[in-house]
Amino acid sequence: MERTQHVVARARAAFTSGRSRSLEFRIQQLKALERMVQEKEKQILAALHADLHKSGPNAYSHEILGVLGELALVMEKLPSWAAPQPVKKNLMTMRDEAYINFEPLGVVLIIGAWNYPFVLVMQPLIGAIAAGNAVVVKPSEVSENTAKLVADLLPQYLDQELYPVVTGGVPETTELLTQRFDHILYTGNSAVGKIVMAAAAKHLTPVTLELGGKSPCYIDKDCDLAVACRRITWGKYMNCGQTCIAPDYILCDPSIQSQVVENIKATLQEFYGEDVKSSPDYERIVNKRHFRRVMGLLEGQKIAHGGESDEASCFIAPTILTDVSPDSKVMEEEIFGPVLPIVTVKSVEEAIDFINSREKPLALYVFSNNKKLIRRVISETSSGGLTGNDVLMHSVVPGLPFGGVGNSGMGAYHGRYSFETFSHRRACLIKDLKMEVVNKLRYPPGSQEKVDL
Amino acid sequence: NPYAGLVSHLRASWLSGKTRPMEYRMAQLEALGRFLDEKKQEILEATDLDMGKPSFEAYFTEVLLCKNELNVTLNNLSHWMKDEHVDKNLVTQLDSAFIRKDPYGVVLIIAPWNYPIHLFLVPLIGAIAAGNCVIVKPSEISKNTERLVAETLSCYLDDDCFAVVTGGVQETTWLLENKFDYIFFTGSPSVGRIVMTAAAKHLTPVTLELGGKNPCYVSDTCDVPNVARRVVWGRFFNAGQTCIAPDYLLCSLEMQEKLMPALREAITEFFGPNPKESPDFGRIVGDKQFQRVRKLLCSGRVAIGGQTDEAERYIAPTILADVQPSDPAMQEEIFGPILPIVVVANMDEAIDFINARPRPLAVYAFSCDSKVVNQVLERTSSGGFCGNDTLMHLTLSSLPFGGIGNSGLGKYHGKFTFDTFSHHRGCLHRNMGLEALNAPRYPPYTQQKLGLLTATFEVKRRGVCTLL
Chain Y
1 MERTQHVVAR ARAAFTSGRS RSLEFRIQQL KALERMVQEK EKQILAALHA
51 DLHKSGPNAY SHEILGVLGE LALVMEKLPS WAAPQPVKKN LMTMRDEAYI
101 NFEPLGVVLI IGAWNYPFVL VMQPLIGAIA AGNAVVVKPS EVSENTAKLV
151 ADLLPQYLDQ ELYPVVTGGV PETTELLTQR FDHILYTGNS AVGKIVMAAA
201 AKHLTPVTLE LGGKSPCYID KDCDLAVACR RITWGKYMNC GQTCIAPDYI
251 LCDPSIQSQV VENIKATLQE FYGEDVKSSP DYERIVNKRH FRRVMGLLEG
301 QKIAHGGESD EASCFIAPTI LTDVSPDSKV MEEEIFGPVL PIVTVKSVEE
351 AIDFINSREK PLALYVFSNN KKLIRRVISE TSSGGLTGND VLMHSVVPGL
401 PFGGVGNSGM GAYHGRYSFE TFSHRRACLI KDLKMEVVNK LRYPPGSQEK
451 VDL
Chain H
1 NPYAGLVSHL RASWLSGKTR PMEYRMAQLE ALGRFLDEKK QEILEATDLD
51 MGKPSFEAYF TEVLLCKNEL NVTLNNLSHW MKDEHVDKNL VTQLDSAFIR
101 KDPYGVVLII APWNYPIHLF LVPLIGAIAA GNCVIVKPSE ISKNTERLVA
151 ETLSCYLDDD CFAVVTGGVQ ETTWLLENKF DYIFFTGSPS VGRIVMTAAA
201 KHLTPVTLEL GGKNPCYVSD TCDVPNVARR VVWGRFFNAG QTCIAPDYLL
251 CSLEMQEKLM PALREAITEF FGPNPKESPD FGRIVGDKQF QRVRKLLCSG
301 RVAIGGQTDE AERYIAPTIL ADVQPSDPAM QEEIFGPILP IVVVANMDEA
351 IDFINARPRP LAVYAFSCDS KVVNQVLERT SSGGFCGNDT LMHLTLSSLP
401 FGGIGNSGLG KYHGKFTFDT FSHHRGCLHR NMGLEALNAP RYPPYTQQKL
451 GLLTATFEVK RRGVCTLL
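As they're listed, the protein sequences go chains Y and H.
Numbering of the first sequence is given in full-length UniProt numbering, commencing with residue 1 and proceeding in unit increments.
Numbering of the second sequence is given in full-length UniProt numbering, commencing with residue 1 and proceeding in unit increments.
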């Protein structure tokens, strides 16, 4: 436990020394990260496979491609992002220098999650380094192979004092959270999000919380069902459903429910073949505890497809439930597994009311040929982000902020938003010590003429 | 909970969509403008009763600055509300990618007593502009202004969507037990912690505008009379009860000697030989605060001022010389008309002094040498910075106003207020056709598909020639 105090203190001393601030240093560290990802690709993919049964091309496209892209984007843009931003002046400040200075916050804590264990520490880390901070990285202990790898690799490539990795479980994280940080970015669930924010409150530490919830997916009668279902199948069963922005459940008219089921079944065949369990592209539930949790959600449900499982290998087949009741257990918590409930609604109004009567989700999906309907859903609901006519994709657009709202989180990152999240925007006004005559207007004694001026 | 009904009434109004149309928001904002125009006299009177606020100051901060924020907002609202289209990558090239500014829902604004209209009204402008329903909780300490706001604001705003709640610690605690979609708090760091802890229970995002001790460094090369005037103005405005007032001065022994007559001259110029009789010098807001500030006089030696009158809650504009870091005046934010001078050997010592302490809301540096000003700026950290003047960075609404560390989190003013009270929602509207383009992402995964995916998703470094 003392070790965490020591590690954080060392990071703070390293930050205070000022060496993380120069652009050259930051880019040098980011280049080192890039080398690390390129040189250790095999080890990273092996760790991801050990933790989640992710196949090579899959793991590469979900965890490595994004990281390399983020590194390239940040290294490209950093000089322009970090440059002081002049602002519009008013009459009184016309002769002055007025600008926003982007400054590091200090020592940042990043707490990763287990479902995309590499990218969910790397992407925030990239932003935090780019903004000039020291960073303490706490990967999730649930994805233990990736955690161990990150703990081994980062010190080999990065400044060891500025960017330490702390491993461990709940006790270590609790201890870490008693320390003072200048920003905390946490990815995980809402219950722990509250704990993180309460701990941060003691030090008045700003937080970015990337949480979750049940991301609804509304399928309008007027849409190309085959295409819609293919896209939904991709996003739902990717990583065995363990994706924070996966479409959690479907809302659609009862008249198309069976067509939806048939289309998804056909797509599943296309993706994973006859025997899903032997497809190298289908992942596993991360551990037994989550396996049992997800299986428990199937109780009492009408299984239209799937339902097979094997506890020993934490395998749960891609599963579809139909005519699900809004009050059932599977509709209470975020599923985070390969189980797709379909809840029928008679109209888009009903769908909107249904969505609005629940906590604000991290993502919202709507499929329709009718642009007006999509615009209506956007305008009448709230969510972290949204994709129309597809799933997940808003999270890969570099110009869009990625974050939640309400129970699904606060703050955002990715690209420039990471840089801004981890920077302090300091207002700077530099005046002339002369030109005092202009100031006389504001000094006492006050008079009506001065007021009128 | 006594406020649960009110909160759910406002939430129902918000869910009805009433606050969404731009016309509605503009109408409410224009009503706020009428509030400021029609109740101007009452505002000047209430703040005079509350803390002897000079009418010049009250007009400037409580009316004029608020109207400026209102006009900036009214002039720009339609532009701010528009979807912001963003850069796309190759794979999303044919799609529509934009940031939608969504209101949060029901927000809470808790205001302090020192600028009792400004510090609820400016956040309120942004909250309304962003389409939220709002509960305003003015400070019970500035009780005349509290009564004015509670009695008159509802005559201007739609009471389906906007409410004023009055009360003290108990009422605020009850209020904070409810779930809000955003909380904006201005006040002390200790209460800021309480607010954020309460917000954490509901995962409510917050902006905390707090305080601290704002240092003011005066270098040896400077125009002494101008420095003295600007510092005196910033320190004694509102009898020192300003979150960004220069809290203490750092300078060399030599400069302390030079400054003293200039400071005395500026005080006399502004407030006359007996500031107690000047209509332009305020009073401490309450007895408790008066007692607290008066105790701080036992620091260093009183070089100018030091007189007090408990009945009037008057403390004279006071300069304390030779103050030690261990003195009472250096232990807490002063928030009164007392300016301690702490002697340092040079700029480096001043910077170290500042950096050894919690990060303040503002740092000030005075020098004719711009290199000195820039050094102080670059080697310290604070909410905001003003070189060669005090307070003025607050009046430029294009600059974000907020703290860092103990002095707060978040920022506002101008567009920053609108952004504070909006959820920036990343939206991607794709085409249902062109499904062939999606093929590389679907299982079964192959190296070949990966190659295609890489080509369409990858961000390449500019200047890296792929032919080589």
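In this text, a Cβ means the ideal position worked out from N, Cα and C, and glycines have one as well.
Between H:G234 and H:P246 the beta-carbon gap is near 5 Å, inside 8 Å, which marks them as a contact. Nearest Cα to Y:A32 within the set Y:E97, Y:T319 and Y:Y163: Y:Y163.
Here the segment 376-384 of chain H makes contact with the segment 343-354 of chain H; the two share three or more CB pairs at distances below 8 Å. Residues of the same chain with a CB within less than 6 Å of the CB of Y:H414, apart from the 5 flanking positions on each side, are F402 in chain order.
Taking the Cα of H:G286 as reference, the smallest distance to any Cα among H:Y314, H:K295 and H:T446 is reached at H:Y314.
Neighbours of Y:E103 in chain H, taken as residues at a C-beta separation under 8 Å, are given in chain order as S381. Closest option to H:C251, judged by alpha-carbon separation, among H:G5, H:P444, H:V343 and H:F60: H:V343.
Beta-carbon to beta-carbon, H:G212 and H:P54 are separated by about 25 Å, too far to satisfy the 8 Å threshold. Taken in chain order, the complete alpha helix (DSSP H) segments of 4 or more residues contained in the segment 253-294 of chain H are 253-271. With distances taken between CA atoms, Y:A147 lies nearest to Y:V166 out of Y:N58, Y:V166, Y:F25 and Y:E161.
Contact between the segment 88-99 of chain H and the segment 427-436 of chain H is established, with three or more Cβ pairs separated by less than 8 Å. Interface annotation, H:G272: in contact with chain Y, CB-CB separation under 9 Å. Within the segment 302-384 of chain Y, the complete alpha helix (DSSP H) segments at least 4 residues long are 348-356 and 371-380, listed from N- to C-terminus.
H:T446 sits exposed, since fewer than 16 C-beta atoms from the chains shown fall within 10 Å of its C-beta. For Y:C223, the neighbours in chain H by C-beta distance under 8 Å run, in chain order, M432. Y:E311 sits close to Y:K288, with the two beta carbons spaced by under 9 Å. Around the Cβ of H:C216, a 10 Å sphere holds 16 or more other Cβ atoms; the residue is buried. Remark: C-beta atoms of Y:P216 and Y:D253 do not approach each other more closely than 9 Å. For Y:W234, the chain H residues whose C-beta falls within less than 7 Å of its own C-beta are R441 and Y442, listed in chain order. Looking only at H:A350, H:A228 and H:D348, the smallest Cα-Cα distance to H:E257 is reached by H:A228. Fully enclosed alpha helix (DSSP H) runs of no fewer than 4 residues occupy 144-157 and 170-178 of the segment 127-188 of chain Y, in order along the chain. When the beta-carbon positions are compared, Y:G132 and Y:R21 come within less than 9 Å of each other. Between the segment 142-160 of chain Y and the segment 67-80 of chain Y there are fewer than three inter-stretch CB-CB distances shorter than 8 Å, so the stretches are not counted as touching. A check of alpha carbon separations from H:P116 across H:Y3, H:A200, H:M51 and H:Q170 identifies H:M51 as the nearest. Taking 9 Å as the cut-off, the Cβ atoms of H:C386 and Y:K371 do not count as close. Taking a contact to require three or more Cβ pairs closer than 8 Å, the segment 60-72 of chain H and the segment 324-342 of chain Y do not qualify as touching.
Annotated three-state conformation of H:F335 is coil, per DSSP. Under DSSP, H:Y364 forms a beta bridge with H:C216 and H:C386. Annotation: the continuous alpha helix (DSSP H) that includes H:N144 extends over K143 to Y156.
The beta carbon of Y:F422 sits closer than 7 Å to the beta carbons of L105, V108, G127, A128, A131, N133 and H183 from its chain, once the five residues preceding and following it are set aside; these are given in chain order. Contact with chain Y is found for H:P225, since one of that chain's Cβ atoms lies less than 9 Å from the residue's Cβ. Around H:G192, the beta-carbon contacts reaching into chain Y at under 8 Å are L204.
With contacts defined by Cβ atoms closer than 9 Å, H:V231 and H:L263 form a contacting pair.
Per DSSP, Y:H203 lies in no alpha helix (DSSP H) segment and is marked neither H nor E. Per DSSP, H:T204 lies in no alpha helix (DSSP H) and is assigned neither H nor E. Listed along the chain, the chain Y residues whose CB falls inside 7 Å of the CB of H:N178 amount to none; the nearest CB is some 14 Å away.
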